[in-house]
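Residue numbers (the working numbering): 1100 to 1223.
In this text, a Cβ means the ideal position worked out from N, Cα and C, and glycines have one as well.
Contents: one structure, followed by commentary.
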Amino acid sequence: ADDLALVLQSLRSFAASLTKIVAEKREEQKAREKLAAKWKAHEEKLLESLIDTFKKKCMREAELERCEASISFASLVREISEFPTHVIVDSQHLVENWGDGAASWWYYVPWSCFFIQHTSAHSR
């Protein structure tokens, strides 16, 4: 009987430990989702700035009565101080400055890796 009581106590303790771990992981996940939401909002602002800058460049060309323009993504990004910038170290592109954002915001948005690779690779 004592052995059975000890086993039951161990099982309850184990179950309580698992319940605690699951609760902690859920809280971590919620925190990560909040960080990802911050990046998504920040990314939206970056895209709005990018579009506005593009429009301004097009308007300048139109004011000069030009029918076409060659506008690179890299030149647009350089004009927006909030965009992440990069440096090249040993042939690797590394984020130098996250602008108004944070690495942790971006890290938890899985699809953002495409956006950052393309913006930071051309931002200088």
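> When you compare only the Cα positions, how much space is there between Ile1215 and Ala1161?
Replying inline: With a pLDDT of only 49 at Ile1215, under the threshold of 50, the placement of this residue in the model should not be trusted; the figure read from the coordinates follows. Those two C-alpha atoms are separated by around 31 Å.
> For Leu1193, which three-state DSSP category applies?
Replying inline: In the structure shown, Leu1193 sits in a strand (DSSP, three-state: E or B).
>> Using only the alpha-carbon positions, how far apart do Ile1150 and Ala1130 sit?
In response: Each residue's Cα considered, the two are about 31 Å apart.
> Over what stretch of residues does the beta strand (DSSP E) that includes Ile1120 continue unbroken?
Replying inline: No beta strand (DSSP E) contains Ile1120, which is instead part of the alpha helix (DSSP H) from 1101-1162.
> Is Val1176 buried or exposed, if buried means 16 or more other CB atoms sit within 10 Å of its CB?
Replying inline: So Val1176 counts as buried.
>> Can you look up Val1208 in the DSSP assignment and give me helix, strand or coil?
In response: Residue state, collapsed to three classes: coil.
>> Could you compute how far the alpha carbon of Tyr1206 sits from the alpha carbon of Glu1126?
In response: Cα to Cα, the separation comes out at about 17 Å.
> Is there contact between the stretch 1166-1180 and the stretch 1114-1124, where contact requires at least three CB pairs shorter than 8 Å?
Replying inline: Contact fails between the stretch 1166-1180 and the stretch 1114-1124, because fewer than three Cβ pairs, one in each stretch, are under 8 Å apart.
> Would Leu1107 be called buried (16 or more neighbouring beta carbons within 10 Å of its own) or exposed?
Replying inline: Of the residues assessed, Leu1107 falls on the exposed side of the cut-off, its CB having fewer than 16 other CB atoms within 10 angstroms.
> Short check: CB of Trp1138 to CB of Trp1204, under 7 Å?
Replying inline: In this structure, Trp1204 lies closer than 7 Å to Trp1138 by Cβ.
> With distances taken between CB atoms, is the gap from Val1208 to Ala1135 smaller than 7 Å?
Replying inline: Yes, they are a contact pair.
> Can the beta-carbon of Val1186 be found closer than 7 Å to that of Glu1195?
Replying inline: Cβ distance < 7 Å, so Val1186 and Glu1195 count as in contact.
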